[in-house]
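Count along the sequence shown from 1, then add 951; that gives the number in this note's numbering.
Each residue gets a CB set at the ideal place from its N, CA and C atoms; glycine is no exception.
Everything below concerns the one structure shown next.
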Amino acid sequence: MREKVVAIFAEAEPFTPSDNVDAQLYNGFFSDADRAAMKIVLETEPRNLPALDITFVDKRIEKLLFNYRARNFPGTLDYAEQQRWLEHRRQVFTPEFLQGYADELQMLVQQYADDKEKVTLLKALWQYAEEIV
952 MREKVVAIFA
962 EAEPFTPSDN
972 VDAQLYNGFF
982 SDADRAAMKI
992 VLETEPRNLP
1002 ALDITFVDKR
1012 IEKLLFNYRA
1022 RNFPGTLDYA
1032 EQQRWLEHRR
1042 QVFTPEFLQG
1052 YADELQMLVQ
1062 QYADDKEKVT
1072 LLKALWQYAE
1082 EIV
(Lines of atoms letter the chains of each structure in order from A and count residues from 1; the text may use other names and numbers.)
(Lines give C-alpha, C1' and ligand atoms only; values in the text may rest on other atoms or scores of the structure.)
Protein backbone atom coordinates (compact mmCIF):
# COMPACT_ATOMS: atom_id res chain seq x y z
CA MET A 1 0.00 0.00 0.00
CA ARG A 2 2.79 2.41 0.94
CA GLU A 3 4.43 1.88 -2.44
CA LYS A 4 1.19 2.73 -4.25
CA VAL A 5 0.77 5.98 -2.32
CA VAL A 6 4.39 6.96 -2.94
CA ALA A 7 4.01 6.14 -6.64
CA ILE A 8 0.85 8.24 -6.95
CA PHE A 9 2.47 11.28 -5.37
CA ALA A 10 5.64 10.79 -7.40
CA GLU A 11 3.57 11.02 -10.60
CA ALA A 12 1.59 14.05 -9.46
CA GLU A 13 2.10 17.32 -11.25
CA PRO A 14 4.14 19.77 -9.17
CA PHE A 15 2.14 22.61 -7.63
CA THR A 16 2.44 25.73 -9.74
CA PRO A 17 1.63 28.98 -7.95
CA SER A 18 -1.01 31.06 -9.69
CA ASP A 19 -1.02 34.76 -10.56
CA ASN A 20 -4.74 34.74 -9.77
CA VAL A 21 -5.18 36.08 -6.25
CA ASP A 22 -8.28 33.94 -5.70
CA ALA A 23 -6.30 30.80 -6.51
CA GLN A 24 -3.48 32.03 -4.27
CA LEU A 25 -5.69 31.32 -1.27
CA TYR A 26 -4.25 27.81 -1.48
CA ASN A 27 -0.66 29.07 -1.23
CA GLY A 28 -0.78 29.37 2.55
CA PHE A 29 -2.71 30.35 5.64
CA PHE A 30 -3.31 33.85 6.99
CA SER A 31 -1.88 35.04 10.29
CA ASP A 32 -4.12 35.63 13.31
CA ALA A 33 -3.62 39.38 12.88
CA ASP A 34 -4.72 39.24 9.24
CA ARG A 35 -7.73 37.09 10.13
CA ALA A 36 -8.74 39.66 12.76
CA ALA A 37 -8.35 42.45 10.20
CA MET A 38 -10.44 40.51 7.67
CA LYS A 39 -13.17 40.16 10.30
CA ILE A 40 -13.21 43.95 10.60
CA VAL A 41 -13.62 44.19 6.82
CA LEU A 42 -16.61 41.83 6.89
CA GLU A 43 -18.22 43.79 9.73
CA THR A 44 -17.76 47.15 7.98
CA GLU A 45 -20.68 48.78 6.20
CA PRO A 46 -20.04 48.54 2.44
CA ARG A 47 -20.15 52.32 1.96
CA ASN A 48 -17.31 52.64 4.52
CA LEU A 49 -15.02 50.07 2.90
CA PRO A 50 -13.06 52.60 0.80
CA ALA A 51 -12.14 54.54 3.95
CA LEU A 52 -10.82 51.51 5.84
CA ASP A 53 -7.19 51.99 6.75
CA ILE A 54 -5.95 48.51 7.58
CA THR A 55 -2.45 47.23 6.96
CA PHE A 56 -2.30 43.54 6.17
CA VAL A 57 0.82 41.43 6.65
CA ASP A 58 -0.12 39.14 3.75
CA LYS A 59 -0.16 41.17 0.55
CA ARG A 60 -2.72 38.84 -1.06
CA ILE A 61 -5.41 40.34 1.15
CA GLU A 62 -5.26 43.80 -0.41
CA LYS A 63 -5.99 42.28 -3.82
CA LEU A 64 -8.69 40.06 -2.32
CA LEU A 65 -10.27 43.09 -0.64
CA PHE A 66 -10.34 44.90 -3.97
CA ASN A 67 -12.01 41.89 -5.62
CA TYR A 68 -14.48 41.65 -2.73
CA ARG A 69 -15.50 45.26 -3.15
CA ALA A 70 -15.62 45.07 -6.94
CA ARG A 71 -17.74 41.92 -7.00
CA ASN A 72 -20.10 42.71 -4.16
CA PHE A 73 -20.14 46.49 -3.82
CA PRO A 74 -19.11 48.01 -7.17
CA GLY A 75 -20.59 51.33 -6.10
CA THR A 76 -17.74 51.69 -3.60
CA LEU A 77 -15.12 51.86 -6.37
CA ASP A 78 -13.74 55.19 -7.51
CA TYR A 79 -13.15 55.85 -11.20
CA ALA A 80 -9.59 54.45 -11.24
CA GLU A 81 -10.72 51.32 -9.41
CA GLN A 82 -13.61 50.88 -11.83
CA GLN A 83 -11.15 51.02 -14.72
CA ARG A 84 -8.87 48.51 -12.97
CA TRP A 85 -11.82 46.15 -12.46
CA LEU A 86 -12.94 46.55 -16.06
CA GLU A 87 -9.44 45.67 -17.27
CA HIS A 88 -9.30 42.66 -14.95
CA ARG A 89 -12.60 41.38 -16.35
CA ARG A 90 -11.37 41.87 -19.92
CA GLN A 91 -8.27 39.81 -19.18
CA VAL A 92 -10.19 37.00 -17.49
CA PHE A 93 -13.30 36.80 -19.64
CA THR A 94 -11.73 36.41 -23.05
CA PRO A 95 -13.86 35.26 -25.99
CA GLU A 96 -12.19 31.84 -25.75
CA PHE A 97 -12.96 31.55 -22.04
CA LEU A 98 -16.58 32.61 -22.55
CA GLN A 99 -17.05 30.12 -25.38
CA GLY A 100 -15.70 27.30 -23.23
CA TYR A 101 -17.90 28.42 -20.36
CA ALA A 102 -20.98 28.53 -22.62
CA ASP A 103 -20.18 25.07 -23.99
CA GLU A 104 -19.80 23.68 -20.47
CA LEU A 105 -23.08 25.23 -19.32
CA GLN A 106 -24.88 23.94 -22.42
CA MET A 107 -23.58 20.44 -21.78
CA LEU A 108 -24.82 20.65 -18.18
CA VAL A 109 -28.22 21.98 -19.29
CA GLN A 110 -28.58 18.94 -21.55
CA GLN A 111 -27.35 16.60 -18.82
CA TYR A 112 -29.86 17.97 -16.29
CA ALA A 113 -32.72 18.71 -18.70
CA ASP A 114 -35.16 16.87 -16.42
CA ASP A 115 -34.23 18.98 -13.38
CA LYS A 116 -35.84 22.42 -13.76
CA GLU A 117 -34.13 23.79 -10.66
CA LYS A 118 -30.65 22.96 -11.98
CA VAL A 119 -31.47 24.24 -15.46
CA THR A 120 -32.70 27.51 -13.97
CA LEU A 121 -29.49 27.83 -11.96
CA LEU A 122 -27.33 27.10 -15.01
CA LYS A 123 -29.17 29.74 -17.02
CA ALA A 124 -28.67 32.21 -14.17
CA LEU A 125 -24.94 31.48 -14.26
CA TRP A 126 -24.83 32.32 -17.96
CA GLN A 127 -26.82 35.50 -17.41
CA TYR A 128 -24.40 36.52 -14.65
CA ALA A 129 -21.45 35.92 -16.96
CA GLU A 130 -23.04 38.13 -19.61
CA GLU A 131 -23.66 40.89 -17.08
CA ILE A 132 -20.09 41.07 -15.79
CA VAL A 133 -18.42 41.13 -19.17
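Three or more beta-carbon pairs separated by less than 8 Å are not found between the segment 1005-1014 and the segment 1039-1049, which leaves the two stretches without contact. Here DSSP, grouped into helix, strand and coil, assigns M1058 to helix.
V1084 sits in coil when the DSSP states are folded into three classes, being neither helix nor strand.
In this structure, the beta-carbon distance from W1036 to Y1052 does not fall below 9 Å.
When the beta-carbon positions are compared, T1045 and P997 stay at least 9 Å from each other. In this chain, the alpha helix (DSSP H) harbouring D983 covers 983-994.
Contact check for R1020 against P1001 passes: the beta carbons are separated by less than 9 Å.
Per DSSP, I1012 is one residue of the alpha helix (DSSP H) stretching across 1011-1023. For A1064, no alpha helix (DSSP H) run applies, since DSSP gives it neither H nor E. Following the DSSP letters along the chain, one finds R1035 inside the alpha helix (DSSP H) bounded by residues 1030-1043. If you draw a 10 Å sphere on the C-beta of A984, you find fewer than 16 other C-beta atoms in it, and that means exposed.
Contact annotation, V1060 with L1073: C-beta distance approximately 5 Å; criterion of less than 8 Å satisfied.
The residues K1069, V1070, L1073, in chain order, have a CB closer than 8 Å to that of Y1063 in the same chain once the five nearest residues on each side in sequence are set aside.
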